[in-house]
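Only one structure is covered here, and it is reproduced in the block below.
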Amino acid sequence: DAKTTQPPSMDCAEGRAANLPCNHSTISGNEYVYWYRQIHSQGPQYIIHGLKNNETNEMASLIITEDRKSSTLILPHATLRDTAVYYCIVAKSGATNKLIFGTGTLLAVQP
Amino acid sequence: DAGVIQSPRHEVTEMGQEVTLRCKPISGHDYLFWYRQTMMRGLELLIYFNNNVPIDDSGMPEDRFSAKMPNASFSTLKIQPSEPRDSAVYFCASSLKGTGTTEAFFGQGTRLTVV
Chain A
1 DAKTTQPPSM
11 DCAEGRAANL
21 PCNHSTISGN
31 EYVYWYRQIH
41 SQGPQYIIHG
51 LKNNETNEMA
61 SLIITEDRKS
71 STLILPHATL
81 RDTAVYYCIV
91 AKSGATNKLI
101 FGTGTLLAVQ
111 P
Chain B
1001 DAGVIQSPRH
1011 EVTEMGQEVT
1021 LRCKPISGHD
1031 YLFWYRQTMM
1041 RGLELLIYFN
1051 NNVPIDDSGM
1061 PEDRFSAKMP
1071 NASFSTLKIQ
1081 PSEPRDSAVY
1091 FCASSLKGTG
1101 TTEAFFGQGT
1111 RLTVV
C-alpha cells in the first residue's frame, strides 16, 4: 500500500474551515484515500473516503487532485469537538481490506 | 446496533500472567481487526480475520500473542505470558465486505497495563 505524508499538527479557529493536507504520491490506480480521526481516548472513527472524484458527507469534504497524488480533508465549520488526530490512509479495495495507520495530523481547534 | 464491543475496558495484570481481551464485532460484518496503540509506535495492525479465518497475522509481535475467532460474533486476543512492554491500548474493529472499500468501525479499546 502507498505511504502518506501529513503535517504533524495544525491549528484552526473555532467556526472556521479546517483544511488538512495529505500527500500520497505513490498511490496506485486501485487504491482509495480514506480519512479517519481519533478523539482522545476513543477508537478511530471513519470520516470519508474517495477514489478519484471529490466527495462530501455530513462530516466533511474530500478534495483529491487530478493526478491523485494529494488530497485535502475539509471540515467546513470546525468546533472544539473536532480536536483530534486525523489519519489519511491509502488502501486497496477488495479482498485485503486492511488499514495501515500512519502518525496523522493533530488538529487543535482553538476557541 | 451497539457497535463493536470490547471487554474489559481496563486491565491491570502482573508480568507473567495470561491476559485475554475480548471483542464482539458488529453483526453481519465479515472482517475483524485487532490493533495495538502505544505512544512510541502509534496504531499497529496485529491481525485480521475474514469470515472467522485469520488472513494476515504478520503484525503479531511474537509467539506470546495469539488470536482466535471461534464464531462470527466473538474474537479473543490472548497474551501469555504478559510483559510490561505489552502495555498499550488494544482496539478491535470490524467492517463489511462487498462494498469494495474499507469503512471500519472501532471499539472503545482495552487499556492494558502490565506491571
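Protein sequences, first through last, are from chains A and B.
Take the first sequence: its position 62, counted from the start at 1, is 62 in my numbering, and no numbers get skipped.
Quick note: to get my numbering, add 1000 to the position in the second sequence (first position is 1).
No residue lacks a Cβ here, since even glycine has one placed at the ideal position from N, Cα and C.
None of these values were measured; they are calculated from a predicted model.
Distance, Cα to Cα, residue i vs residue j?
i        : j        : result
L1046(B) : P1061(B) : 7 Å
I1026(B) : I27(A)   : 30 Å
D1057(B) : A1093(B) : 15 Å
V121(A)  : T1076(B) : Any answer about residue 121(A) is impossible in this case: the structure gives chain A only from 1 up to 111.
N1052(B) : A1072(B) : 6 Å
C1023(B) : M59(A)   : 27 Å
K1078(B) : V1115(B) : 17 Å
R16(A)   : L1021(B) : 41 Å
Can you tell me whether residue i is buried or exposed, with buried defined as 16 or more other CB within 10 angstroms of its CB?
i        : result
K98(A)   : buried
D1063(B) : exposed
M1069(B) : buried
V1012(B) : exposed
S1082(B) : buried
A1104(B) : buried
At a CB-CB cut-off below 9 Å, which residues of chain A make contact with residue i?
i        : result
G1107(B) : G43
E1103(B) : Y34, Y46 and H49
From what residue to what residue does the beta strand (DSSP E) around residue i run?
i        : result
K1078(B) : F1074 to I1079
R37(A)   : E31 to Q38
K92(A)   : A84 to K92
Q45(A)   : Q45 to G50
T1020(B) : V1019 to K1024
T1113(B) : T1110 to V1114
R1009(B) : Run containing R1009(B): none; DSSP gives neither H nor E here.
Quick one: which chain A residues come within Cβ less than 7 Å of residue i?
i        : result
E1011(B) : Going along chain A, no residue has its Cβ under 7 Å from E1011(B), so there is no contact; the nearest lies around 16 Å.
F1091(B) : G43
D1056(B) : K98
Which residues of chain B have a Cβ atom closer than 8 Å to the Cβ of residue i, listed in chain order?
i      : result
I27(A) : Residues of chain B passing the Cβ test: none, with the nearest at roughly 15 Å.
Could you tell me which chain B residues have their CB closer than 7 Å to the CB of residue i, listed as they occur along the chain?
i       : result
T103(A) : G1042
Can you pull out the residues from the stretch 38 to 51 of chain A whose beta carbon lies closer than 9 Å to at least one beta carbon of chain B? Q38, S41, Q42, G43, P44, Q45, Y46, H49 and L51
So if I threshold CB-CB distances at 9 Å, which residues from the stretch 1028 to 1054 of chain B count as touching chain A? D1030, Y1031, F1033, Y1035, Q1037, G1042, L1043, E1044, L1045, Y1048 and N1050
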